[in-house]
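Accompanying notes for the structure given below.
Numbering (full-length UniProt numbering), first residue to last: 1 to 395.
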């Protein structure tokens with residue numbers, strides 16, 4: 001009782017400070033903490049809603065990159081775990097109250113992807129995609145795509161992309177590609193119109209460059225990833241009616257193309273190489289061992305100018321590999337590129353223990369960085385999705 005009275009008195013005393021001082025103090029918090037304060041206190045909500053504070057907060061938070069992990073738990077405890085490259089600890093983001101009107105007890109929920117303040121989940125029970133606005137706590141069901149309802153196993157991380165609108169916008173686009181009658185079809189959902197559009201990708205017969213001076217102009221989605229050739233599509237990020245183009249990059253002569261290849265998963269001694277795709281790049285993770293696998297090497301590849309070849313870019317230095325390698329039995333990965341930086345997260349499990357490796361590579365300086373993460377306390381938990389998100393703002 002005394003502890004509750006003391007905390008209440010402290011909160012009231014804090015709110016009596018000058019608003020400018022409170023704003024300066026709040027700016028030292030990360031965005032998820034600021035959002036929670038806005039939701040629990042009217043006094044804080046008024047301060048946080050001030051336009052000067054929003055501008056200052058957006059400037060600080062826009063450059064941050066977040067890694068979000070979702071663990072399967074009972075619906076009343078639905079929580080995202082987030083870690084920023086500008087912080088030193090994990091943050092818990094409760095989403096149970098927001099999702100309660102849409103999902104029911106015992107529903108099988110999976111975290112698909114994120115962009116800015118928008119997060120997408122899929123209900124494997126109802127086979128419906130759900131969008132969550134982290135800032136406004138708005139939750140909506142996305143209508144089924146032209147392909148109909150889809151469960152968790154139908155979604156491929158490298159074949160979809162969530163694109164948040166510019167700061168100040170409450171809209172987003174969700175894109176994914178699938179083979180329909182052996183033809184790559186792009187499906188695009190616009191949250192403003194709440195409608196789907198679809199278009200067939202065409203071969204790049206004119207050999208047009210697949211890169212742009214502004215990397216954010218192009219979106220790359222994987223269709224098929226085979227032993228020696230991949231099939232991707234590239235489309236403009238802004239809706240200008242441009243037809244998506246098909247790219248068929250292959251490993252050139254001398255390319256590192258031996259061994260058994262896979263996409264996303266590596267089990268025991270059956271598969272010894274993991275390929276992780278994203279934003280026109282590919283990371284090859286090599287492991288060795290029987291039963292207990294051990295990381296041996298990590299390479300980064302990118303598309304050639306015309307998209308016809310995979311080009312070797314760099315590999316993680318051996319000294320850094322010695323620091324990050326640990327035994328694993330199963331491994332998954334996600335990869336993104338933004339502002340000239342390639343980011344990859346590799347999540348592995350060994351004997352019930354989850355381990356996350358976050359690596360970044362600067363294209364210009366050719367420098368690798370290992371972002372060390374504290375324990376996310378996932379022992380014995382079922383990992384139900386993880387993704388990067390950048391550019392989270394209050395508006």
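A virtual CB, placed ideally from N, CA and C, is assigned to each residue, including glycine.
Report all residues from its chain with a CB closer than 6 Å to the CB of residue i; omit the five preceding and five following residues, and keep chain order.
| i | result |
| --- | --- |
| residue 22 | 47 |
| residue 407 | The question about residue 407 has no answer, for the chain in this structure spans 1 to 395. |
| residue 354 | 378 |
| residue 54 | 394, 395 |
| residue 293 | 287, 328 |
| residue 336 | 278, 279, 343, 388 |
| residue 7 | Note on residue 7: pLDDT 44, under 50, position unreliable in the model; no value is reported. |
Can you give me the C-alpha to C-alpha distance between residue i and residue j, rounded to a whole angstrom?
| i | j | result |
| --- | --- | --- |
| residue 37 | residue 134 | 13 Å |
| residue 154 | residue 148 | 11 Å |
| residue 312 | residue 70 | 32 Å |
| residue 278 | residue 326 | 24 Å |
| residue 381 | residue 72 | 7 Å |
| residue 98 | residue 302 | 39 Å |
| residue 45 | residue 39 | 7 Å |
| residue 84 | residue 220 | 25 Å |
| residue 78 | residue 204 | 44 Å |
| residue 52 | residue 243 | 41 Å |
| residue 389 | residue 18 | 34 Å |
| residue 287 | residue 310 | 21 Å |
| residue 63 | residue 190 | 25 Å |
| residue 363 | residue 42 | 45 Å |
| residue 179 | residue 374 | 40 Å |
| residue 87 | residue 29 | 10 Å |
| residue 257 | residue 156 | Caution is warranted here: a pLDDT of 42 is assigned to residue 257, below 50, making its placement in the model unreliable, and no coordinate value can be reported. |
| residue 281 | residue 304 | 10 Å |
| residue 289 | residue 300 | 22 Å |
| residue 338 | residue 182 | 31 Å |
| residue 167 | residue 50 | 16 Å |
| residue 80 | residue 192 | 26 Å |
| residue 65 | residue 248 | 30 Å |
| residue 169 | residue 308 | 36 Å |
| residue 104 | residue 319 | 49 Å |
| residue 24 | residue 356 | 33 Å |
Could you pull out every residue in the same chain whose Cβ sits closer than 8 Å to the Cβ of residue i, ignoring the five residues on either side in sequence?
| i | result |
| --- | --- |
| residue 146 | 187, 196, 198 |
| residue 151 | 122, 124, 127 |
| residue 333 | 264, 274, 276, 283, 285, 344, 345, 346, 347 |
| residue 34 | 26, 48, 57, 394 |
| residue 137 | 39, 97, 98 |
| residue 139 | 98, 99, 101, 102, 130, 131, 132, 133 |
| residue 295 | 285, 286, 287, 321, 324, 325, 326, 328 |
| residue 89 | 83, 374 |
Taking the Cβ atom as the reference point for each residue, do residue i and residue j lie within a distance shorter than 8 Å?
| i | j | result |
| --- | --- | --- |
| residue 250 | residue 228 | yes |
| residue 102 | residue 59 | no |
| residue 360 | residue 341 | yes |
| residue 297 | residue 321 | yes |
| residue 224 | residue 234 | no |
| residue 67 | residue 370 | no |
| residue 143 | residue 194 | yes |
Enumerate in chain order the residues of its own chain whose CB-to-CB distance from residue i is below 7 Å, with the five nearest sequence positions on each side excluded.
| i | result |
| --- | --- |
| residue 32 | 82, 91, 93 |
| residue 27 | 56, 57, 60 |
| residue 417 | Here the chain covers residues 1 to 395 and nothing more, so residue 417 does not appear. |
| residue 165 | 171, 172 |
| residue 246 | 184, 201, 202, 203, 204, 231, 233 |
| residue 110 | 121, 122, 124, 152, 384, 385 |
| residue 141 | 102, 128, 130 |
Does the Cβ of residue i have 16 or more other Cβ atoms within 10 Å, making it buried, or fewer, making it exposed?
| i | result |
| --- | --- |
| residue 392 | buried |
| residue 343 | buried |
| residue 323 | exposed |
| residue 367 | exposed |
| residue 317 | exposed |
| residue 269 | In this prediction, residue 269 has a pLDDT of 40, which is less than 50 and means its spatial position is unreliable; nothing more can be read from the coordinates. |
| residue 184 | buried |
| residue 385 | buried |
| residue 20 | exposed |
| residue 315 | buried |
| residue 365 | exposed |
Output yes if chain C places a C-beta closer than 8 Å to the C-beta of residue i; else output no.
| i | result |
| --- | --- |
| residue 237 | This model lacks chain C altogether; it includes just one protein chain. |
Counting pairs of Cβ atoms below 8 Å between the segment 117-136 and the segment 332-349, do you hit three or more?
no
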